[in-house]
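Structure first, then comments.
Residue numbers (my numbering): -4 to 243.
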């Protein structure tokens, strides 16, 4: 059965796509209405690789992944760098409202890594003018890491979490929308002090992952060697390094 889930929907629309890779309302409804799906999160971008798509090589597309994502086996699974279901801030908010309706009223929001502040201001302006609001926004800091991100993006692209969080929080306060929208934050949160600091700066909750994957008690060389955690090394299939975890 599984536990409670936040269903994150990226540009590949995995689990809610048609045969051509476009968003499918029918398939979305089939999965979004499961009891364990508690919230739906549209991924605009992520801190590890903002503005970048992704590729799951064909050898990694197992039968389970094929069924779950709705993609064929034997070919690379490609996530575009942008969404095809919307292209403007207003269309994004209309998409949010539509997903909320299709899911039966479940909370719907989006995740983004801040780049140019004016891009975020465009979304905020659209919220103010249309009255269409997400239930939540997740701010993903540049500290984030993933094996699917090029080193140039992991280390040099995006705004750090605390700076991005303050921008989003203060913008919503200024528009008198903060009490109606919850804010989550993520980006190298590995301790209780990180959580307390992030909540104090305006977040309603924190997302954490790396602290559970690479315990700080391990020597740095061990933390960098991804295959040590799984004891598996296969061509094009080994665990990626967690270099970002070891940065000061």
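Glycine residues also receive a C-beta, built at the ideal position from the N, C-alpha and C atoms.
Check your understanding: Helix, strand or coil for residue 242 per DSSP?
Key -> The residue labelled residue 242 in the question sits at position 247 within the chain shown. Note on residue 242: pLDDT 44, under 50, position unreliable in the model; the coordinate value appears next. Residue 242 falls in the coil class under three-state DSSP.
Review point. Do you know offhand how far residue 35's Cα is from residue 75's?
Key: What you label residue 35 is simply residue 40 of the chain shown in a count that begins at 1. What you label residue 75 is simply residue 80 of the chain shown in a count that begins at 1. Each residue's Cα considered, the two are about 20 angstroms apart.
Practice item. Report yes or no: do the region 122 to 131 and the region 176 to 191 share at least 3 C-beta pairs separated by less than 8 angstroms? Key: The region 122 to 131, when compared against the region 176 to 191, does touch it at the 8 angstroms Cβ threshold.
Practice item. Count the other C-beta atoms from every protein chain shown that fall within 10 angstroms of the C-beta of residue 229, then say buried if there are 16 or more, exposed otherwise. Key: Mapped onto the chain shown, residue 229 falls at position 234. Low confidence applies here, because residue 229 scores a pLDDT of 49, under 50, leaving its location unreliable and the question unanswered by this model.
Exercise for review: To the nearest angstrom, report how far apart residue 4 and residue 78 are at their CA atoms.
Suggested key: For this step, residue 4 is matched to residue 9 along the chain shown. For this step, residue 78 is matched to residue 83 along the chain shown. So the two alpha carbons sit approximately 10 angstroms from each other.
Review point. Between the Cα of residue 122 and the Cα atoms of 168, 8 and 187, which residue gives the shortest distance?
Key: Your numbering for residue 122 matches position 127 in the chain shown. When each option's Cα is compared against that of residue 122, the closest is 168.
Practice item. Leaving out five residues on either side along the sequence, give the residues of the same chain with a beta carbon under 6 angstroms from the beta carbon of residue 269. Key: Given that the chain is displayed from residue -4 to residue 243, the structure contains no residue 269 and the question cannot be resolved.
Review point. In whole angstroms, what is the alpha-carbon distance linking residue 110 and residue 154?
Key: Against the chain shown, residue 110 aligns to sequence position 115. Against the chain shown, residue 154 aligns to sequence position 159. Those two C-alpha atoms are separated by around 6 angstroms.
Check your understanding: What beta strand (DSSP E) runs, 3 residues minimum, are completely inside the region 94 to 163?
Key -> 103 to 107 and 131 to 135
**Study point:** residue 61 - DSSP class collapsed to helix/strand/coil
**Key:** As a position in the chain shown, residue 61 is number 66, starting the count at 1. Three-state DSSP puts residue 61 in a helix.
Point to revise | Three-state secondary structure (DSSP) of residue 35 | key: Here the question's residue 35 lines up with position 40 in the chain shown. Three-state DSSP puts residue 35 in a strand.
Point to revise | Selection from 170, 164, 134 and 195 that minimises the alpha carbon distance to residue 182 | key: For this step, residue 182 is matched to residue 187 along the chain shown. Out of 170, 164, 134 and 195, 134 has the C-alpha closest to the C-alpha of residue 182.
Check your understanding: How is residue 3 classed by DSSP in three states: helix, strand or coil?
Key -> Here residue 3 corresponds to residue number 8 of the chain shown, with the count starting at 1. Three-state result, residue 3: strand.
Review point. Cα separation between residue 124 and residue 118?
Key: What you label residue 124 is simply residue 129 of the chain shown in a count that begins at 1. What you label residue 118 is simply residue 123 of the chain shown in a count that begins at 1. Distance between the alpha carbons of residue 124 and residue 118 is about 10 angstroms.
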